[in-house]
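Participant:
In UniProt numbering, the protein residues as written are 1 to 259.
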């Protein structure tokens, strides 16, 4: 069933972090939620992860309404969640770290280590499963977090800025790992255009808490190929179609408005 959001509004004091957001994410599809800092990306994923309450509107995770107590409980059993900041015990072995995450997600102790070993293999860390977390690089720690978030076989996977702080090579490895780690519905938030167009099947652009664009990376490039930003300014020399499309989406009408 994937994810469905209709008219979602979340406010902090008097500021709307999300303003009547509507979107869908189909099963098995990798969706990049792209936008500048403060666009509402983390708020959106936090609501879907049941870490933050729904304000107005509705949000469904695999058919479960996360605005209700029963819906949140059901959704948590189906979710994998890698927040932007997460702690890992440096003295634990990689295998134990992932097995504990699987067990905490409802997997039996007998199955947890088998699933953990499989998850580490999918993200390219099988050869290091007996090593300590503190020996890992930043990119490897992110892949370990991905293994921990997917070992229990979630139906929906939420990744909040998972490549922030990684160097270009580490980002490439992580993007590949997402594809190999799961066949779940994926929502991956990022402020990096390159990650969005190379990691995702679909791109959802948020700005000021509103959806500005929804489509494939090719759709975004076609938008950029028209040659102007949404503000009516000509794109500069050397601007890629993806970059031009991103600028047009940010400065053009909302995705639910007519051009």
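Here a beta-carbon is modelled for each residue, glycine too, at the ideal position from N, C-alpha and C.
Can you list, in chain order, the residues of its chain with a C-beta nearer than 6 Å to that of residue 147? Leave out the 5 residues immediately preceding and following it.
Facilitator: Hits under 6 Å: 98, 119, 120, 123.
Participant: Determine the direct distance from the alpha carbon of residue 102 to that of residue 75, and round the result to whole angstroms.
Facilitator: Using only the alpha carbons, I get a separation of about 16 Å.
Participant: Three or more beta-carbon pairs under 8 Å between the segment 63-72 and the segment 238-254, yes or no?
Facilitator: The segment 63-72, when compared against the segment 238-254, does not touch it at the 8 Å Cβ threshold.
Participant: State the Cα-Cα distance for the pair residue 41 and residue 158, rounded to the nearest angstrom.
Facilitator: Roughly 11 Å separates the two Cα atoms.
Participant: Looking at residue 151 and residue 262, is the spacing between their C-beta atoms short of 8 Å?
Facilitator: The structure shown does not extend to residue 262, since the chain is modelled only from 1 through 259, so no value can be given for it.
Participant: Below 8 Å between beta carbons: does that hold for residue 196 and residue 32?
Facilitator: Taking 8 Å as the Cβ cut-off, residue 196 and residue 32 qualify as a contacting pair.
Participant: So residue 185 packs on residue 2, CB below 8 Å; how close in whole Å?
Facilitator: At roughly 4 Å, the Cβ-Cβ gap stays under 8 Å, so residue 185 and residue 2 are in contact.
Participant: Among 168, 88, 78, 194, which has the Cα closest to the Cα of residue 27?
Facilitator: Closest by alpha carbon: 78.
Participant: Taking one C-beta from the segment 129-139 and one from the segment 39-56 each time, how about it: are there three or more such pairs within less than 8 Å?
Facilitator: No: fewer than three Cβ pairs fall under 8 Å.
Participant: Starting from residue 169, follow the alpha helix (DSSP H) in both directions and report where the run begins and ends.
Facilitator: Where residue 169 is concerned, the enclosing alpha helix (DSSP H) stretches over 168-181.
Participant: From the DSSP output, read off the bridge partner residues of residue 64.
Facilitator: Bridge partners of residue 64: 61.
Participant: Within 10 angstroms of the Cβ of residue 143, are there 16 or more other Cβ atoms? Answer buried if so, exposed if not.
Facilitator: Result: buried.
Participant: How long is the line joining the alpha carbons of residue 10 and residue 155, rounded to whole angstroms?
Facilitator: Straight-line Cα distance between these residues: approximately 25 Å.
Participant: Output yes or no for whether 8 Å exceeds the beta carbon distance between residue 30 and residue 48.
Facilitator: Not a contact, by the Cβ cut-off of 8 Å.
Participant: Thinking C-alpha only, which one of 43, 226, 5, 14 is nearest residue 207?
Facilitator: Closest by alpha carbon: 43.
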